Every structure is written in structure tokens, then in C-alpha cells.
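A.B. asks: One structure is given below, represented as C-alpha cells, and several questions about it will come after.
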Amino acid sequence: MQRQRFLFIALGLLTLWRWALLPTLELSPEESFIALRAQHGWHGWHGWQEGGPLLPFLVVGSGEFGVRFLAPLLALLTSLAVWRFTRGLFDPMIAGWAVVILNVLPSFNLAAISLTTGTLLFFFTAVSLFSLRWALLHAHPLHWGWWLTAACVAASVCTAPPAFSMLGGIACALALPKRLRHHLRAPGFFIIVAAWAAAVIPYLLWQRAHEWPALENSNWRPYFALIPNFFRLAVLASPLMLTLFVLVSRLIWQNATQLGMRALPLGFAIPLACADFLYGPWDAWPNVGSAAWMLPAAVLLAHQGTVFGALPSEQKISLRTIAVILAALQSVFLMQSDLPRSLGIPWRFARTLPQQSIYPHLFSADPSTTMRGWREGSKLLSAALQPDWFAIASDWRIAAALEQHMEPKVRVHAMQDGSWSHPYAYLPRYDQVSQGVSLFRGKSAIFITDDPAAIQPPAAIQQAFQSTELLSIARIMHAGNEVRWLKIFACHDYHPPDF
Numbered sequence: 131m132q133r134q135r136f137l138f139i140a141l142g143l144l145t146l147w148r149w150a151l152l153p154t155l156e157l158s159p160e161e162s163f164i165a166l167r168a169q170h171g172w173h174g175w176h177g178w179q180e181g182g183p184l185l186p187f188l189v190v191g192s193g194e195f196g197v198r199f200l201a202p203l204l205a206l207l208t209s210l211a212v213w214r215f216t217r218g219l220f221d222p223m224i225a226g227w228a229v230v231i232l233n234v235l236p237s238f239n240l241a242a243i244s245l246t247t248g249t250l251l252f253f254f255t256a257v258s259l260f261s262l263r264w265a266l267l268h269a270h271p272l273h274w275g276w277w278l279t280a281a282c283v284a285a286s287v288c289t290a291p292p293a294f295s296m297l298g299g300i301a302c303a304l305a306l307p308k309r310l311r312h313h314l315r316a317p318g319f320f321i322i323v324a325a326w327a328a329a330v331i332p333y334l335l336w337q338r339a340h341e342w343p344a345l346e347n348s349n350w351r352p353y354f355a356l357i358p359n360f361f362r363l364a365v366l367a368s369p370l371m372l373t374l375f376v377l378v379s380r381l382i383w384q385n386a387t388q389l390g391m392r393a394l395p396l397g398f399a400i401p402l403a404c405a406d407f408l409y410g411p412w413d414a415w416p417n418v419g420s421a422a423w424m425l426p427a428a429v430l431l432a433h434q435g436t437v438f439g440a441l442p443s444e445q446k447i448s449l450r451t452i453a454v455i456l457a458a459l460q461s462v463f464l465m466q467s468d469l470p471r472s473l474g475i476p477w478r479f480a481r482t483l484p485q486q487s488i489y490p491h492l493f494s495a496d497p498s499t500t501m502r503g504w505r506e507g508s509k510l511l512s513a514a515l516q517p518d519w520f521a522i523a524s525d526w527r528i529a530a531a532l533e534q535h536m537e538p539k540v541r542v543h544a545m546q547d548g549s550w551s552h553p554y555a556y557l558p559r560y561d562q563v564s565q566g567v568s569l570f571r572g573k574s575a576i577f578i579t580d581d582p583a584a585i586q587p588p589a590a591i592q593q594a595f596q597s598t599e600l601l602s603i604a605r606i607m608h609a610g611n612e613v614r615w616l617k618i619f620a621c622h623d624y625h626p627p628d629f
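If you're matching positions, the sequence shown starts at 131 in my numbering and goes up one per residue.
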């Protein structure tokens, strides 16, 4: 009992530490877009690419702390749900170790200090496991556990549509043990499928109404670069912890069909892990995507690390301690990437293009470049803007990050080049013409890009304006390292496209 009390105190202190970390990094472009959706009321499926309609409702204020405020609290609730699920499935000691392993994983710590789809997917996975187990313990076909599991599945669709892996995880968890397979034909599972369908149908109708923009984006295709995919998992789980996950899963798989409810974590993890391996690299830092499979994997590892009899007790304790310490150090390293630089270790910032995975270059370049330099860039943009001018960024991520950090607030548009594969294509646009009237006709604009090789704006911008000129070039620095180049152009006399 004393150990459990200490665990809960440690979780409380860890939550306070995570809250203290929230203002230390600027919002990433994806987080900024979520905040802008909340501020402007851009709900619905407009943000289908970077999360469904649920994420903007979690923003409770402005700035880094207000946008991310609920992330550490959701991490705490996730940890408590994992503890309750594992205690019921095994015992309090294994439950305590499961919570410890979960809270040292780099993926979980990144999700706990940022507001991304990964933040919510960890939470919904934990609650689904807890409620599914409760539903299976009771004979009533309409027990509240089925309804809560169904609600989590529907919420997952509203977070990261279409959430096939979450529904697949529940189906696999019920299908893997022989004694649970009859539940696949029971009313409880039909409730879950109905909830998933009810949530995914509006998403599909929106896609159909807009001519399936998801298919224009490369993210719907699996990321088949196997080595970068494995490297990404090692980054988010730590190499030793990932190795132990694989070994433990192979060991349990041999008898999984006979385990009953104790096979729930393994069955739940398999579809989530497959989805994360194939699609996770598309997610931009710090979003960990479908890495929530590491939550049931942590439960398995805690159980096997305690009861596995092939190793002497001293070796099990030593191996478990080393794995936890290394994962914790890697988490600190990724959450506070300035630490190596403060120790005199040079670590340049990564330069990534939209849709490019950062993970293959992680240890040669700092991925937190997406969370630095935007406040300084917004000041440069504010200084260049003249009264009655408007602002255009070369990419929607740049537009979101700069607008979120602008003081006073100014709308920053994303360049429209005929593509419908980015979320800004469905928001109020500068090239919008209503009844033959354009609000921006004849006005001048500032065009800003992070392309260091740009000597003039892209053709889409040049064709939309009478003339353009280079105003300034800025090199954004942090801790003596280059973060990005920003080039600012003045564009005069806008004329909307002729339809």
C-alpha cells in the first residue's frame, strides 16, 4: 500500500512538472492550427488532415500553456486508467510497474506536453481497455462498459479519422482468445461498430462533398521505408524497451488463444502497432500518431517483467531498471532538446519540407525546429505589414504558426495554388469571389516563405499580383544554431482569378 501511495504522489508531481514544461517550447504549426480553429470557430471536418472536430474543444486559452493545458491532465487520467485496468487484470504491483513503464516512454511524454491527436489516442486507448474489461466481466449484454467503449471509438474517429485501427484493436482483442470470440456476435460489439459507423459517416460524406481531398494527399498511402519506420519506433519507445516489447509479444503469442481476458492487451496492441508502423512516419513532430499501441504493450511488459521465470530475480530487476532509466533519459532528451546544447554538444536544427518525415534524421538534427522561431518570425511579419495589406504564407503550416504568434492578431492566409489537399483550402480564402466581388481586389500583400533558395515568389503568387519585390531576408537563430530562413516579399495590386 505504501508503494501505491508513493506512485500516486509521483504521478501528481510529474503532472506539475509537465505543466511547467508547456511554455518552454512554442506551439508547433499543427498545434497552432488547432488553436486557430478554436479561436475562429473552424470546427467540423475542416481540419480533417490534422485531426477531426474534437481537438479544438480542448483549447482552454491562448498561448502555449492555454492550448496545451489539458494534455498533462489527460496523461494523468490515462495513467490512472492503466493502473485500474492492470490491477484488475493482474495485481497492484504489476499495475504500478505498468504505469512507471508508460510514463518513461518518450512517445507518452511527448503526447503529455503537446496537444495532438496522439494525446487523445493514448487516453481513449486506456479508457477503452478499462471499459472493455468491465463489460466482459458482466453477463449483461448492454452493460455500461460496452457503451463507454463505443464512445471512445467514436471519439477516436473525431480525433484521427477514420480510426480503423481502434475498431480493429477491439475486434482483435475479442477474437484472439477462444473464450471471448462469441462476443463478436453479441449486442455489445454491435454497439461499438454502430458508434464507429455513426462517427465515420459524416467524415465520409464531407470527403465526398469535397471530391475526396484525402486521396490527393500522400498520407493515405503507407510509408514503406522500413528502416526509417523501425527507427521511428526506437525513437518513441527507446531501443531497449522496443526490443523487450517484441520479445515479450513473441513469448505471449504462443499461448494467446488460451489466455482469456489476459490476452486483451496483446490483441489491442496488434492493429494499433501495424497502423503506427505503416502510417506513423507521416505525422509531424511532436505528434506521435498511433503510438498508443505502446500503452497495452507497457502492460504486457510489466506483467512479463514480474512473473517471467526464465531469468533469476536479480537479472529481471536489473534489466527492468536499466530499460526504465534509459527510456526516461531519452524522454528528457526529446522533451528538452536544448540540454545537449547547454552541455556544449552541437546539435543543428532539422530542416524539413511539408509531408517529410523527420525520424530518419532525428539524432543528426533536432526535430524541435517546428516549435521554435515562430514568435520572432511573426514580429518580422508585423513590421513588414502596412495598413490595409494582407499576409500570405507559402505553406499552411507557416501560416498557422505565424498567425497564432502575431501580436496584434492578423489573419495569415496560406498560398492557394489549386491544390485541395491541405486544410486551409476549406477556410476563408483571399482568392474567394462571392457574386463577382473579391474583398482583396487591388490590395497589396506580404508573401513570406521559408525557402532559402527563393529569389522571387512562386508562379501562383506572381500571376495573382501586378508586381512583386523582395523586402527582407531573415535568418532565425536559437542558441547559436540556425532554425530557418524567412524571406519576405511585397506583392502589389492583387487581382482574383477569373472563373
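Built from N, CA and C at the ideal position, the CB exists for glycine as well. Given the structure is predicted, the values throughout are model-derived calculations rather than measurements.
Can you tell me where the beta strand (DSSP E) with N611 in it begins and where it stops?
C.D. replies: Counting from 1 along the sequence shown, the entry for residue 611 is found at position 481. Unbroken beta strand (DSSP E) run through N611: 611-624.
A.B. asks: Between which two residues does the alpha helix (DSSP H) holding V257 run?
C.D. replies: Your numbering for residue 257 matches position 127 in the sequence shown. Here the alpha helix (DSSP H) through V257 covers 247-267.
A.B. asks: Any idea what DSSP makes of Q565, helix, strand or coil?
C.D. replies: Locating residue 565 in the sequence shown gives position 435, counting from the first residue. Looking at Q565 - three-state DSSP - the assignment turns out to be coil, as it is neither helix nor strand.
A.B. asks: On the three-pair Cβ rule with 8 Å, is the stretch 519-530 touching the stretch 574-590?
C.D. replies: Contact holds: three or more Cβ-Cβ distances are below 8 Å.
A.B. asks: Quick check: S158 and P411, are their CB atoms within less than 8 Å of each other?
C.D. replies: Along the sequence shown, one-based indexing puts residue 158 at 28. Along the sequence shown, one-based indexing puts residue 411 at 281. It is not a contact, given that the beta carbons lie outside the stated cut-off.
A.B. asks: Please report how far the alpha carbon of I243 lies from the alpha carbon of W147, in whole angstroms.
C.D. replies: In the sequence shown, residue 243 corresponds to position 113, counting from 1. In the sequence shown, residue 147 corresponds to position 17, counting from 1. Spanning the two alpha carbons is a distance of roughly 10 Å.
A.B. asks: Is L155 helix, strand or coil by DSSP?
C.D. replies: As a first step, residue 155 must be located in the sequence shown, where it is residue number 25. DSSP places L155 in coil when its eight states are reduced to three.
A.B. asks: May I have the straight-line CA-CA distance separating Q485 from A414, to the nearest angstrom?
C.D. replies: Within the sequence shown, numbered from 1, the residue matching residue 485 stands at position 355. Within the sequence shown, numbered from 1, the residue matching residue 414 stands at position 284. Any reading at Q485 is ruled out, since the residue's pLDDT is 47, under 50, leaving its predicted position unreliable.
A.B. asks: Please report the distance separating the alpha-carbon of W172 from that of V330.
C.D. replies: In the sequence shown, counting from the first residue as 1, residue 172 sits at position 42. In the sequence shown, counting from the first residue as 1, residue 330 sits at position 200. Roughly 19 Å separates the two Cα atoms.
A.B. asks: Would L245 and V197 qualify as a contact pair, given that the criterion is a beta-carbon distance under 8 Å?
C.D. replies: Taking the first residue of the sequence shown as 1, we reach residue 245 at position 115. Taking the first residue of the sequence shown as 1, we reach residue 197 at position 67. It is a contact, given that the beta carbons lie within the stated cut-off.
A.B. asks: Report the rounded CA-to-CA distance for W277 versus L151, giving the unit in angstroms.
C.D. replies: The sequence position of residue 277 within the sequence shown is 147, counting from 1. The sequence position of residue 151 within the sequence shown is 21, counting from 1. Roughly 36 Å separates the two Cα atoms.
A.B. asks: Within 10 angstroms of the Cβ of R571, are there 16 or more other Cβ atoms? Answer buried if so, exposed if not.
C.D. replies: As a first step, residue 571 is located in the sequence shown; it is residue number 441 there, counting from the start. Its Cβ having fewer than 16 others within 10 Å, R571 is exposed.
A.B. asks: Could you pull out every residue in the same chain whose Cβ sits closer than 6 Å to the Cβ of F577, ignoring the five residues on either side in sequence?
C.D. replies: Locating residue 577 in the sequence shown gives position 447, where the first residue counts as 1. Around F577: I522, P587, I591, F619, C621.
A.B. asks: Can you tell me which of the three DSSP states D581 falls into?
C.D. replies: Walking along the sequence shown from the start, residue 581 turns up at place 451. Looking at D581 - three-state DSSP - the assignment turns out to be coil, as it is neither helix nor strand.
A.B. asks: If you count every other CB in all the chains shown that lies within 10 Å of the CB of K308, and 16 or more means buried, which is it?
C.D. replies: Against the sequence shown, residue 308 aligns to sequence position 178. Burial call: exposed.
A.B. asks: Suppose the cutoff is 7 Å on Cβ atoms and the five residues either side in sequence are ignored; what does the same chain contact list for I224 look like?
C.D. replies: Working through the sequence shown from its first residue, we reach residue 224 at position 94. Excluding sequence neighbours, I224 sits near T216, A432, H433, T436.
A.B. asks: Would you mind working out which of Q384, H625, N611, I300 sits nearest V567, comparing C-alpha positions?
C.D. replies: Position 437 of the sequence shown, counted from the start, is the residue given in the question as residue 567. With distances taken between Cα atoms, V567 lies closest to H625.
A.B. asks: Return the first residue and the last residue of the alpha helix (DSSP H) that Q592 is part of.
C.D. replies: Taking the first residue of the sequence shown as 1, we reach residue 592 at position 462. That run of the alpha helix (DSSP H) goes 589-594.
A.B. asks: Hey, would you say Q562 sits closer than 8 Å to L166, going by beta carbons?
C.D. replies: As a first step, residue 562 is located in the sequence shown; it is residue number 432 there, counting from the start. As a first step, residue 166 is located in the sequence shown; it is residue number 36 there, counting from the start. No, these two residues do not count as a Cβ contact at 8 Å.
A.B. asks: Give the DSSP bridge partners of T598, in chain order.
C.D. replies: In the sequence shown, counting from the first residue as 1, residue 598 sits at position 468. Per DSSP, C621.
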